[in-house]
Amino acid sequence: MGHISRGGAVAAGITALLLPLAVTVAGAAPAQAASCTASKGPYQKQVEKFLGRPVDGKQSTADCNAIRAFQSKHGITPTIGYAGPVTWGVMDLMNKQKAAGKNPNKAGKCPTNKGRVACVDLTRQLSWIQDGKKLAYGPVPVRTGRKGYATRTGLKKVYWRHKNHVSSIYDVPMPYSQFFDGGQAFHSVNLSMWNPPGSHGCVNMTKTVAAKYWAMLKNGDAVYVYGRKPGT
-15 MGHISRGGAV AAGITALLLP LAVTVAGAAP AQAASCTASK GPYQKQVEKF LGRPVDGKQS
45 TADCNAIRAF QSKHGITPTI GYAGPVTWGV MDLMNKQKAA GKNPNKAGKC PTNKGRVACV
105 DLTRQLSWIQ DGKKLAYGPV PVRTGRKGYA TRTGLKKVYW RHKNHVSSIY DVPMPYSQFF
165 DGGQAFHSVN LSMWNPPGSH GCVNMTKTVA AKYWAMLKNG DAVYVYGRKP GT
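Residue numbers (the working numbering): -15 to 216.
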């Protein structure tokens, strides 16, 4: 967690550079040395469909290579091509994010009477900026707090911004930091937005998105966080 002194000195912020969550597979070697598994996973058909592979529920070398490429891209370990719950969970989340289209607030859960507000939907791991009922930017995938470090829900406000912030706890950069709840902030990370298990509470973004949020938001703008991240 981070704290800002009355004099404006920066103390701790949240880092989001976490180790990815491992899929437990009996006898699996570390990801760096792991070989391609011949075993089909419990989500074999779903994963095959997502990747555009023939949906037969059987593991092939081509299936395994496609799954491994996906796992490597998003930091899912061990990278052995196993169609397990973590890999499918990431894909399922991507499907739900895509389904949001350009109407992420269709259910009306983010308030439309607060002027400019940055909405964060933990359930779908999506964020966007709206002005009243008008969508101003997004939606974009984000990476929020993992189990034990949940991004806190409720109506908040951006209260402190530091473009070149560095976490005093973890000594890692947190570019484009915009704090809205104690040490929890929007900021960019050099990770996939689907890299499990998540942050220590901050709302992680790509550099492009974090820079856009920096340009569009200011101190005092509302932030509304709702829902619950899968697996927390």
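Glycine residues also receive a C-beta, built at the ideal position from the N, C-alpha and C atoms. Quick caveat: nothing in here was measured; it's all calculated off a predicted structure.
Item	Value
For my contact list, Thr137 and Gly185 are in at a C-beta cut-off of 8 Å; report their separation, rounded to the angstrom.	Going by Cβ atoms, the distance from Thr137 to Gly185 rounds to 12 Å, so no, they are not a contact pair.
With 16 other CB atoms within 10 Å as the buried threshold, where does Ala10 fall?	Reliability fails at Ala10, whose pLDDT of 34 lies under 50, so the model's placement of it is uncertain and the value that follows must be treated cautiously. The residue in question, Ala10, is exposed, as its Cβ has fewer than 16 Cβ neighbours within 10 Å.
How is the beta strand (DSSP E) around Leu282 delimited, first residue to last?	Absent from the model: residue 282. The displayed extent of the chain is -15 to 216, so no value can be given.
Where does Ser19 land, buried or exposed, given buried means 16+ other C-beta within 10 angstroms?	exposed
Please classify Asn87: is it buried, with 16 or more other beta-carbons within 10 angstroms of its beta-carbon, or exposed?	exposed
Identify every residue that forms a DSSP beta bridge with Ala102.	Ile113, Val207
Between Tyr210 and the rest of its own chain, which residues show a CB-CB distance below 6 Å, the 5 nearest in sequence each way excluded?	Lys93, Thr137
From this set, Gln43, Ala46, Thr107, Asp76, which residue's C-alpha is nearest Asn89's C-alpha?	Thr107
Tyr143 and Asn203 - do their beta-carbons sit closer together than 8 Å?	yes
Would you mind sorting Gln16 into buried or exposed? The rule is 16 or more other CB atoms within 10 Å of its CB.	Note that Gln16 has pLDDT 45, beneath the 50 cutoff, so the model's placement of it is unreliable and the number below is only indicative. Exposed, since its Cβ has fewer than 16 Cβ neighbours within 10 Å.
I believe Val101 touches Ala206 by the beta-carbon criterion, under 8 Å. Please report the beta-carbon distance rounded to the nearest angstrom.	4 Å
Measuring alpha carbon to alpha carbon, tell me which residue in Ala195, Val193, Pro180, Thr216 is nearest His58.	Pro180
Which complete beta strand (DSSP E) runs does the stretch 38 to 105 hold, if anything under 3 residues is left out?	100 to 105
Whose CA, out of Gly215, Met200, Ser152, lies closest to the CA of Trp112?	Met200
Looking at the secondary structure, which residues open and close the beta strand (DSSP E) in which Trp144 lies?	144 to 150
Measuring alpha carbon to alpha carbon, tell me which residue in Glu32, Lys29, Pro214 is nearest Gly129.	Pro214
Pair every Cβ in the stretch 147 to 162 with every Cβ in the stretch 29 to 41, then say whether three or more of these pairs are closer than 8 Å.	no
Leaving out five residues on either side along the sequence, give the residues of the same chain with a beta carbon under 8 Å from the beta carbon of Lys196.	Tyr121
On the criterion of 16 or more Cβ atoms from any shown chain inside 10 Å, does Gly182 qualify as buried, or is it exposed?	buried
Excluding the 5 residues flanking Val132 on each side, which residues of the same chain have their C-beta closer than 7 Å to its C-beta?	What sits at residue 132 in the sequence shown is Gly, not Val. Cβ neighbours of Gly132 beyond the five flanking positions: none.
Can you tell me which of Gly73, Ala53, Asn49 puts its alpha carbon nearest to the alpha carbon of Thr216?	Gly73
Just mark Ala169 as buried or exposed, buried being the case when its beta carbon has 16 or more other beta carbons within 10 Å.	buried
For the putative contact between Phe164 and Lys141, defined by C-beta atoms under 8 Å, what is the C-beta separation to the nearest angstrom?	6 Å
Between the Cα of Gly47 and the Cα atoms of Val70, Tyr66, Ser56, which residue gives the shortest distance?	It is Asp, not Gly, that sits at residue 47 in the sequence shown. Selected option, being the one with the closest Cα: Tyr66.
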